[in-house]
Amino acid sequence: MFDKKIFLFTACLLAFLPFPRSPQAATLSGFVTVANSGEFLPYATIIVDDTGLGAQSNSSGYYAIKNISPGVHSVTFSHIGYQSFRDTVVVVARQNLRLNAALKRQSIDLDEETLVTAQRNEQERIAQTSFLSLQPENLQQMPAIGEADLLRSLQLLPGIQAASDISSGLYIRGGGPDETRILLDQIPIHNPSHAFGFFSTFNPDAIDGANLYKGAYPATYEGNLGALLDVTNREGNHQEFHSRGGLSLLAARLLAEGPAGQGSWMLSGRRTYLDPLLAALRAANLDVPNYYFYDLNGKFSQRLSTRDTFLLSAFWSQDHLNFVSNRESFFDLSWGNRAFAGRLDHIFSPTLFGRFSLAHSAYKSTTSASFFDTPLLFANGVQELRLRADIDYFSSTYHTFSSGLALSRFQFNFGQSFNQKQQIDLATAPLLLSFYLHDEWRPSIRTHLRLGVRANYFDAGKRWFAMPRISLSHTLQPGLRLKLGSGLYRQYLQLVTTEGFSGTDFWVPLDSSVSPGRSWQGVVGVEWEPSRRYKLSLEGYYRDLKNLVVLDNNVAADSESSRSEDLFKTGGRGYATGLELLLEKRGSRTHGWIGYTLGWTRRRFPELNQGRLFPPKYDRRHDLSLVISHRHKKWTLGANFVYGTGQAFTPASERYTLRIPSTGEIRDYVLPAARNSARLLPYHRLDLSLRRALVLWGSKAEVYLQIFNAYNRRNEWFIQYDTDNAGTEPEVARMLPAVPTLGLNFKL
Numbered sequence: 008m009f010d011k012k013i014f015l016f017t018a019c020l021l022a023f024l025p026f027p028r029s030p031q032a033a034t035l036s037g038f039v040t041v042a043n044s045g046e047f048l049p050y051a052t053i054i055v056d057d058t059g060l061g062a063q064s065n066s067s068g069y070y071a072i073k074n075i076s077p078g079v080h081s082v083t084f085s086h087i088g089y090q091s092f093r094d095t096v097v098v099v100a101r102q103n104l105r106l107n108a109a110l111k112r113q114s115i116d117l118d119e120e121t122l123v124t125a126q127r128n129e130q131e132r133i134a135q136t137s138f139l140s141l142q143p144e145n146l147q148q149m150p151a152i153g154e155a156d157l158l159r160s161l162q163l164l165p166g167i168q169a170a171s172d173i174s175s176g177l178y179i180r181g182g183g184p185d186e187t188r189i190l191l192d193q194i195p196i197h198n199p200s201h202a203f204g205f206f207s208t209f210n211p212d213a214i215d216g217a218n219l220y221k222g223a224y225p226a227t228y229e230g231n232l233g234a235l236l237d238v239t240n241r242e243g244n245h246q247e248f249h250s251r252g253g254l255s256l257l258a259a260r261l262l263a264e265g266p267a268g269q270g271s272w273m274l275s276g277r278r279t280y281l282d283p284l285l286a287a288l289r290a291a292n293l294d295v296p297n298y299y300f301y302d303l304n305g306k307f308s309q310r311l312s313t314r315d316t317f318l319l320s321a322f323w324s325q326d327h328l329n330f331v332s333n334r335e336s337f338f339d340l341s342w343g344n345r346a347f348a349g350r351l352d353h354i355f356s357p358t359l360f361g362r363f364s365l366a367h368s369a370y371k372s373t374t375s376a377s378f379f380d381t382p383l384l385f386a387n388g389v390q391e392l393r394l395r396a397d398i399d400y401f402s403s404t405y406h407t408f409s410s411g412l413a414l415s416r417f418q419f420n421f422g423q424s425f426n427q428k429q430q431i432d433l434a435t436a437p438l439l440l441s442f443y444l445h446d447e448w449r450p451s452i453r454t455h456l457r458l459g460v461r462a463n464y465f466d467a468g469k470r471w472f473a474m475p476r477i478s479l480s481h482t483l484q485p486g487l488r489l490k491l492g493s494g495l496y497r498q499y500l501q502l503v504t505t506e507g508f509s510g511t512d513f514w515v516p517l518d519s520s521v522s523p524g525r526s527w528q529g530v531v532g533v534e535w536e537p538s539r540r541y542k543l544s545l546e547g548y549y550r551d552l553k554n555l556v557v558l559d560n561n562v563a564a565d566s567e568s569s570r571s572e573d574l575f576k577t578g579g580r581g582y583a584t585g586l587e588l589l590l591e592k593r594g595s596r597t598h599g600w601i602g603y604t605l606g607w608t609r610r611r612f613p614e615l616n617q618g619r620l621f622p623p624k625y626d627r628r629h630d631l632s633l634v635i636s637h638r639h640k641k642w643t644l645g646a647n648f649v650y651g652t653g654q655a656f657t658p659a660s661e662r663y664t665l666r667i668p669s670t671g672e673i674r675d676y677v678l679p680a681a682r683n684s685a686r687l688l689p690y691h692r693l694d695l696s697l698r699r700a701l702v703l704w705g706s707k708a709e710v711y712l713q714i715f716n717a718y719n720r721r722n723e724w725f726i727q728y729d730t731d732n733a734g735t736e737p738e739v740a741r742m743l744p745a746v747p748t749l750g751l752n753f754k755l
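Positions 8 to 755 (our numbering) are the ones given, in order, by the sequence shown.
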């Protein structure tokens, strides 16, 4: 039976949990925080100076060091970008000693300029392959369309590309947007977009940091076939009240944070004010729709005791589009996310740290329309309720074990009606059970090894899968590191998407009629840091893909079948391989990077392209990005330049006509060539920004001017063929022209 299998499998895995034994010597433990805000500081290094013993704080800022001999010891806390802190402790045999530390941010002087390297996840970057971290300070400085945007900024990094100027989707290492799992405070977000994909739902003021694993991510994460984006909202300032916000031509935003008892709170909101402008245009008898979006973020933390901390996180976003042509015809579309999570951090013993969470995520989209008094309705949604428990065991200076168990219940709904007659009404509620074991091992001072395995049970098909993961980072010499990573990954949910209109995207689970997607990833890389000012990284990757599916566009719209093998073309295979180069220049006055990707992506389906390999549309041979920001006194100049190989598309090889014998009507048809066998022209654009710092009502502020696509390059998007007129030429749909933006940011 299902319950018996789960019980037996879980019991066997739990038998390997590294529960602590009675210590033979003293144990030192505590939290590392940021001095000016009180927020927990992950991945700090703690060393008992005269013993060689040490540890690294976990994602919650907690650390533990075992087997400290009795006596007087000096303990040093350090983190790149923060001032080291040293304290002296008197250790008694078998004592459990608590020592907390608050580190102050530090500026490091380097010759002509001051370099600030307060990268909160620097140790994670050193240990993990294919890892990138984007800080909110850098995000705010990048030229953008209207608003600074997390997902659009990530598209400027090597190995990541966009589908178009109006898409915030992430196409990472030859994978589509459905192959990247996106988390906000560990809550899955199923559609992270506003304005049909033009913006992401992540408010830049609320973000504390974003960690991107482009591939070979560790067993601690449940994910998709490709990459994983882990976004964390600000926890709130534990010591004093602060607020910040901004105005642009598109939206206004405001964030407030401050202390609350033994913890903190944070609230932020953002809303577009396009609707009054659009209403004025409609009043002038222009046919324009009504549209608005908003998003809300909230976070609350409280220290319940010396052993317990509680965190509550919430997210709410909504888009609404309405267009009325006349009394008989209208179009109304709304979509949005709801996400809530509660987490309890508990210290069982000085060396055993637990996190227990309950999260709920919901995405819903509703489209209602009427054409000549004939109503249409489409509604789809996905909900996920997840219960999760994670344990960190600080075994020794060389080993930190982690394990976790999670149970997710999904609820998928899709409905379609025409002229008030129900055509499709689908509902399914599969379960996903997952368990992982993970070991952070330091065989030597130069080597960091991560070993892990994740086991999943998905009851749609009632199948078990085990997925091993490994990551190795070895310092060849000071400043020069070799990295290796590999892993096996599965994906049980499939995204049905329209590139230009993300509001109608929906997820469906793959049932027992098909096998879930499988990805094996291998990564090898080298990082060289000759100084704190420069870093050069070179990374090669290979992804082997199996059991891929793609929506079957030949399925009749009124088909009542809900089986995956009837809705999708199945049995797909493929690969993605490439080489990524990133050269970074760090500094407070001048910083930026040059990124380049050389890549190949191929797919094969028995029912497509006569069973031959073909490139998906997002296959891009060359991808180059240059990003720079330079500050001079109160002025900051920013620029982005992007160049990429044109997207693949399927051209027409022949035109032909057929006469319908019964009517004598002649119809014109286009015969397609091999799938995606042609390319659009290369894509390139330049974005510019100019910012000036000022004092507004006694507080810090800045005004900015940004120009997206500064030299007005109308890049090609896709090709359209007019089959009604054989004499017309193919029409090229083009992307955005130059788009200027004015705005104001402030801090109070």
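Heads up, the beta-carbon is just placed ideally off N, CA and C, and yes, glycines get one too. Every value quoted in this text rests on a predicted model; they were computed, and no experiment measured them.
In its own chain, which residues sit with a C-beta less than 7 Å from the C-beta of Arg105, not counting the 5 before and 5 after it? For Arg105, where only same-chain residues beyond five positions count, the Cβ hits under 7 Å are Ser36 and Gly37.
Grab me the residues of Lys707's own chain with a C-beta within less than 6 Å of its C-beta, minus the 5 sequence neighbours each way, in chain order. Residues Lys754 of the same chain have their beta carbon placed closer than 6 Å to that of Lys707, with the five preceding and five following residues left out of the count.
Between the Cα of Thr95 and the Cα atoms of Thr604, Tyr89 and Gly78, which residue gives the shortest distance? Distances from the alpha-carbon of Thr95 to those of Thr604, Tyr89 and Gly78 put Gly78 closest.
As assigned by DSSP and simplified to three states, the class of Ala22: With a pLDDT of 42 at Ala22, under the threshold of 50, the modelled position of that residue is not reliable, and the figure given next carries that caveat. Looking at Ala22 - three-state DSSP - the assignment turns out to be coil, as it is neither helix nor strand.
Short check: CB of Ala213 to CB of Asn344, under 8 Å? Between Ala213 and Asn344, the C-beta gap is not smaller than 8 Å, which leaves the two residues out of contact.
His639 classed as buried or exposed, judged by whether at least 16 other C-beta atoms fall within 10 angstroms: That one is exposed.
For Thr435, tell me which candidate among Leu688, Ala258 and Ser519 has the shortest Cα-Cα distance. Considering only alpha carbons, the answer is Ser519.
My assumption, with CB atoms under 8 Å, is that Ser480 sits in contact with Ala134. Please give the rounded CB distance. Cβ-Cβ separation between Ser480 and Ala134: approximately 5 Å, consistent with a contact (criterion under 8 Å).
Ordered along the chain, which non-local residues of its own chain (more than five positions away) have a Cβ less than 6 Å from that of Gly45? Excluding residues within five positions, the ones whose Cβ falls inside 6 Å are His245 and Gln246.
Select from Val389, Ser336 and Ser320 the residue whose C-alpha is nearest the C-alpha of Ser364. Answer by Cα proximity: Ser320.
Cut-off 8 Å between Cβ atoms - residues of its own chain near Ile72, not counting five sequence neighbours on either side: Closer than 8 Å at the Cβ level, and outside the excluded window around Ile72, lie Thr34, Leu35, Ser36, Ile53, Val55, Leu60, Gly61, Ala62, Phe401 and Thr404.
Using only the alpha-carbon positions, how far apart do Ser137 and Leu164 sit? Going by the C-alpha atoms only, they are around 12 Å apart.
Report yes or no: do three or more beta-carbon pairs, one from the segment 413-423 and one from the segment 372-388, lie closer than 8 Å? Of all C-beta pairs linking the segment 413-423 to the segment 372-388, three or more are shorter than 8 Å, placing the two stretches in contact.
Which same chain residues end up closer than 7 Å to Leu487 when comparing Cβ atoms and leaving out the 5 residues on each side of it in sequence? Same-chain partners within the cutoff: Trp535.
Should Ala290 go down as buried or exposed, given a rule of 16 or more other Cβ atoms within 10 Å for buried? Exposed.
Here's the rule: buried if 16 or more other CB atoms are within 10 angstroms of the residue's CB, otherwise exposed. What is Lys371? So Lys371 counts as buried.
If you run the structure through DSSP and keep just helix, strand and coil, what is Ile54? Reduced to three states, the DSSP call for Ile54 is strand.
Closest by CA to Ile770, which one among Thr664, Ala223, Leu219 and Thr83? Nothing can be reported for residue 770: it is not among the residues displayed for the chain, which extend from 8 to 755.
Does the distance from the CB of Arg278 to the CB of Ala258 come in under 8 Å? Cβ atoms of Arg278 and Ala258: closer than 8 Å.
Do you know how far the Cα of Ala717 is from the Cα of Pro357? In a straight line, the C-alpha of Pro357 is about 57 Å away from that of Ala717.
Contiguous beta strand (DSSP E) assignments of at least 3 residues, all confined to the segment 546-619: The segment 546-619 is shown to contain whole beta strand (DSSP E) runs of 3 or more residues at 575-592 and 597-611, in chain order.
Between which residues of its own chain and Val634 is the CB-CB distance below 6 Å, once the five residues before and five after are set aside? Excluding residues within five positions, the ones whose Cβ falls inside 6 Å are Leu163, Gly599, Trp600 and Asn647.
Neighbourhood of Val557 by C-beta distance below 7 Å, restricted to the same chain and skipping five residues each side: If we look at Val557 and ignore the five residues flanking it on each side, its Cβ neighbours are Phe575, Lys576, Gly579 and Phe612.
Backbone CA spacing between Ala745 and Ile173 [nearest angstrom]: Those two C-alpha atoms are separated by around 13 Å.
How would you call His629, buried or exposed, if buried means at least 16 neighbouring beta carbons within 10 angstroms? Exposed, since its Cβ has fewer than 16 Cβ neighbours within 10 Å.
Whose C-beta lies closer than 6 Å to the C-beta of Leu412 among residues of the same chain, with five residues either side of it excluded? Excluding residues up to 5 positions away in sequence, Ala396 and Phe442 lie with their Cβ nearer than 6 Å to the Cβ of Leu412 in the same chain.
Of the choices Tyr499, Gln325, Ala376 and Ser341, whose alpha-carbon is the least far from that of Val331? Nearest of Tyr499, Gln325, Ala376 and Ser341 to Val331, Cα basis: Ala376.
DSSP-derived helix/strand/coil call for Asp339: Asp339: strand per DSSP, three-state reduction.
Beta-carbon spacing of Arg416, Asn463 below 8 Å: In this structure, Arg416 lies away from Asn463, with their beta-carbon atoms at least 8 Å apart.
When DSSP labels each residue in this structure, what does Asp466 get in the three-state scheme? Residue state, collapsed to three classes: coil.
Just the Cα atoms here: how many angstroms apart are Val503 and Met474? Looking at the two C-alpha atoms, the distance is approximately 26 Å.
Expressed to the nearest angstrom, what Euclidean distance is found between the alpha-carbon atoms of Ser66 and Gln130? Rounded to the nearest whole angstrom, the C-alpha separation of Ser66 and Gln130 is 11 Å.
Cβ pair count under 8 Å reaching 3, the segment 547-557 against the segment 519-529: Counting Cβ pairs under 8 Å, three or more are found: they touch.
7 Å CB neighbourhood of Arg627 in its chain, flanking five on each side removed: Taken in chain order, the residues that qualify are Gln168, Gly606, Gly651 and Thr652.
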